[in-house]
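S.K.: The numbering used here runs 511 ahead of the 1-based position in the sequence shown.
By construction, the Cβ of each residue, glycine as well, lies at the ideal position given by its N, Cα and C atoms.
Model, not experiment: these values are computed from the prediction.
Please see the structure below; I have some questions.
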Amino acid sequence: VQLVESGGGLVQTGGSLRLSCAASESIFSIDVMGWFRQPPGKQRELVATIAVGGSADYASSVKGRFTISRDNAKNTVYLQMSSLKPEDTAVYYCNARYGWNTDWGQGTQVTVSS
């Protein structure tokens with residue numbers, strides 16, 4: 512499945528952004544949709560995942576500030592980010608895991624200014 516992220520940009524500390532990940536086909540049966548991020552000079556890390564049944568998990572660094580959701584009717588996954596911090600600056604990637612497959616989007620840049 513092809514994934515296209517959008518919604519990134521420049522925001523001040525304490526601000527909010529909502530990222531969207533549009534899939535090229537139905538996500539109804541995709542086991543797990545997720546968001547990862549890669550800060551400058553660092554490795555890619557997990558941000559949040561949401562399973563087909565709707566259960567969500569978060570990295571400890573974003574718990575309470577970020578919310579992941581999925582709209583199966585729109586084939587879209589969202590990441591609502593609030594209380595943003597400079598350390599949230601990264602390229603954010605959407606991820607889909609189903610069966611033996613793992614697909615990635617091209618990423619969207621999020622920059623949080625101090």
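What three-state label does DSSP hand GLU598 in the structure shown?
M.R.: In the sequence shown, the residue the question calls residue 598 occupies position 87. Helix at GLU598.
S.K.: Using C-beta distances below 6 Å, list every residue in its chain close to SER593, excluding the 5 sequence neighbours before and after it, in chain order.
M.R.: Position 82 of the sequence shown, counted from the start, is the residue given in the question as residue 593. Answer for SER593: SER527, ARG576, listed in chain order.
S.K.: Would GLY610 pass as a contact of GLU516 if the rule is Cβ separation under 8 Å?
M.R.: Position 99 of the sequence shown, counted from the first residue, corresponds to residue 610. Position 5 of the sequence shown, counted from the first residue, corresponds to residue 516. Against a cut-off of 8 Å, the Cβ pair of GLU516 and GLY610 comes out as no contact.
S.K.: What would DSSP say about ASN612, mapped onto helix, strand or coil?
M.R.: Here residue 612 refers to the residue found at position 101 when the sequence shown is read from its first residue. Three-state result, ASN612: strand.
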